[in-house]
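Colleague:
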Amino acid sequence: MRATELAHLAIRRSVNPGDCAIDATVGNGHDTLFLAELVGPSGRVFGFDVQETALASAAEKLGGLPQVRLVHAGHETLAEHLAANDRDRLAAAMFNLGYMPGGPKDIVTRPETTLSALRQALDHLKINGVVTLVLYPGHPGGAEEADAVRSLALGLPPAFTAHRHAPAHTVRPAPELIVIERQR
Ligand SMILES: C[S@@+](CC[C@H](N)C(=O)[O-])C[C@H]1O[C@@H](n2cnc3c(N)ncnc32)[C@H](O)[C@@H]1O
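So for the sequence shown, my numbering puts the first residue at 1433; every next one is plus one.
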């Protein structure tokens, strides 16, 4: 099973109608639509991307769902965009790192901004909430970003648990999934 599919399984367990969720890397909007369907019209999904073209294609896919707010800004500004009541009900944040398939390879997530956004999401995550990160160690800069995310996840306080799902055998560096859950 692919890391992205495993991420969906982990998210599905934790997100309910009326919740707030974040797609930290909208790209083509697959994960944004998935989250929008889980939270339903009474919930809220914030989707971030630095690429206007990505947001335009995602908006088309989403067809104006009222629960979705697409934000043309880096995910490192995440906390600024959450309203006070959304902070209390943040059930999930999804990070699908790297660059958009078929898009420019120089518009890519970077360790410093990824870690900043991850810390902000964890600060606002409700109990039993989940953050998923799909890491791509195979592209230039991807291994460093994956290392940075793994070390933050492994060093979290006991209120959080972190799991790493990676293929047991690969010839080349393969995508992997980190799942962080807030226990208390
Ligand atoms: C692997 S793609 C996401 C794929 C997407 N989840 C989907 O379902 O199509 C990574 C995305 O992260 C975006 N990105 C890069 N740096 C970012 C940042 N600082 N904040 C938000 N998005 C960023 C890129 O523009 C790209 O669209």
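We put the beta carbon where it would ideally sit given N, CA and C, even for glycine.
(1) Do residue 1570 and residue 1542 have their beta-carbon atoms positioned less than 7 Å apart in this structure?
(2) I'd like to know if the stretch 1557 to 1566 and the stretch 1484 to 1494 are in contact, where contact means that at least 3 CB-CB pairs between them fall below 8 Å.
(3) Are the CB atoms of residue 1612 and residue 1596 within a distance shorter than 7 Å?
(4) Taking 6 Å as the cut-off, is the C-beta of residue 1527 nearer than that to any heavy atom in ligand 1?
(5) Can we count residue 1491 as close to ligand 1, meaning its CB is less than 6 Å from some heavy atom?
(6) Can you confirm whether the stretch 1502 to 1509 touches the stretch 1468 to 1483 when touching is taken to mean that 3 or more C-beta pairs between the two stretches lie within less than 8 Å?
(7) For residue 1532, which beta-bridge partners are listed by DSSP?
(8) Can you give me the Cβ contacts of residue 1393 inside the same chain, cut-off strictly under 8 Å, excluding the 5 residues immediately before and after it?
(9) Can you grab the Cα-Cα spacing for the pair residue 1555 / residue 1454, in whole Å?
(10) Rounded to whole angstroms, what is the Cα-Cα separation between residue 1493 and residue 1461?
(11) Please state the DSSP three-state secondary structure of residue 1542.
(12) Confirm, please, whether the CB-CB distance from residue 1523 to residue 1497 is below 7 Å.
(13) What are the start and end residues of each continuous beta strand (DSSP E) run of 3 or more residues lying completely inside the stretch 1451 to 1527, in chain order?
(14) Between which two residues does the alpha helix (DSSP H) containing residue 1574 stretch?
Modeller: Here's the rundown:
(1) no
(2) no
(3) no
(4) no
(5) no
(6) yes
(7) Residue 1532 is not bridged to any residue.
(8) This structure cannot speak to residue 1393, because the chain is shown only from 1433 to 1616.
(9) 13 Å
(10) 7 Å
(11) coil
(12) no
(13) 1452 to 1455, 1476 to 1481 and 1500 to 1504
(14) 1574 to 1586
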